[in-house]
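Here's the structure we're looking at; comments come further down.
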Amino acid sequence: LSVRPVAGPGGGPVLVAHRGASGYAPENTLAGIDKAREMGVRWVENDVQRTKDGVLVVVHDTTLARTTDAEEVFPDRSPWNVRDFTFREITRLDAGSWFGPRYRGAKVPTLDQFLERMSRQRLNLLLELKAPELYPGIERETLTALRRAGWLDRSHVRNRLVVQSFGADAVRRVHQLRPDVKTGFLGTPAQAELPAYAAFADQINPTHSAVTASYVDAVQALKGPHGKPLEVYTWTVNDAATARRVNDAGVDGVITNFPDVVKDAIG
Ligand code: G3P
Ligand code: CA
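Residue numbers for the sequence shown follow mature numbering (1 follows the signal peptide of the UniProt record, and there is no 0), beginning at 20 and rising by one.
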């Protein structure tokens, strides 16, 4: 399961382990970070949401049902929305067994815990604000957590961090609050609208089926808020044929559950 470390400038697209190396370890857990590191990947993507009592946690779905045992532990709490649970309640949940017995006992991490492990493993972070419309103020809170953990230090904002979201307002807000932080918009704006996005986003990150060479060219022809060409990181690329196609289209980054498959295809 080992891949050559880092692609990137001059060496093909940057590989990003989606929700951690989520093909091999439960998504958005510390084990997923460790697995990404073990596989030689340099970038990890995650998803941030907020509990009822205001704790930032790393979890993808807006409910706890799929990736934890919340239905068993709290049978009366349908539909198990993340935002309806306190962090103390979430600590009772198992976020690993659904993936496999060896991950039994894995926890939904706080953002602070996630950042600490990312630092320890010397990994770079593509952080997604998930469903920001459900969590007013999460842009500022996330930036505060990042700052406290050292992730807004100059070297980090230059080289090690991108904050992305499907919510354009959230991306714009992050840019307003911390113009030095690189940002990404998840989606495929019409080409005529790209200049408006270039005012606040350094990356335009489409689903792989929307990637064409002409779209990638149109994005990369623009300069982002930091004066550099806009980049395209595409998701979620899990097979060799798709990896070759998006690579041929000229993308800057490939977000994948299976970094080894992508690396073998285009490395
Ligand atoms: O990083 C891109 C990708 O994570 C967006 O989709 O649903 O996996 O968060 P999703
Ligand atoms: Ca995500």
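All C-beta atoms, glycine included, are put in the ideal place defined by N, C-alpha and C.
Assigned secondary structure, Val182 (DSSP; H/G/I helix, E/B strand, else coil): strand
Distance cut-off 6 Å: Glu57 Cβ against heavy atoms of ligand 2: no
Three-state secondary structure (DSSP) of Ala36: strand
Start-to-end residues for the alpha helix (DSSP H) that takes in Arg85: Unbroken run through Arg85: none, as it is neither H nor E.
CB of Val176 within 7 Å of CB of Val230, strictly: no
Straight-line Cα distance separating Leu171 from Thr223: Thr is not the amino acid found at residue 223; the sequence shown has Ile there. When rounded, the distance between both Cα atoms is 22 Å.
Outcome for Arg23 when other beta-carbon atoms lying within 10 angstroms are tallied against a minimum of 16: Note that Arg23 scores 41 on pLDDT, short of 50, meaning its location in the model is unreliable; the coordinates nonetheless yield the value given after this. Result: exposed.
Opposing strand residues paired with Asn143 [DSSP bridges]: Trp62
Cβ-heavy atom distance, Trp254 to ligand 1, below 6 Å: yes
Residue interval of the alpha helix (DSSP H) (run including Asn266): Ala259 to Asp267
Ile157 Cβ short of 6 Å to ligand 1 heavy atom set: no
Nearest to Asn178 (by Cα), restricted to the options Ser138, Lys201 and Val235: Lys201
Continuous alpha helix (DSSP H) stretch holding Gly51: start and end: Leu49 to Glu57
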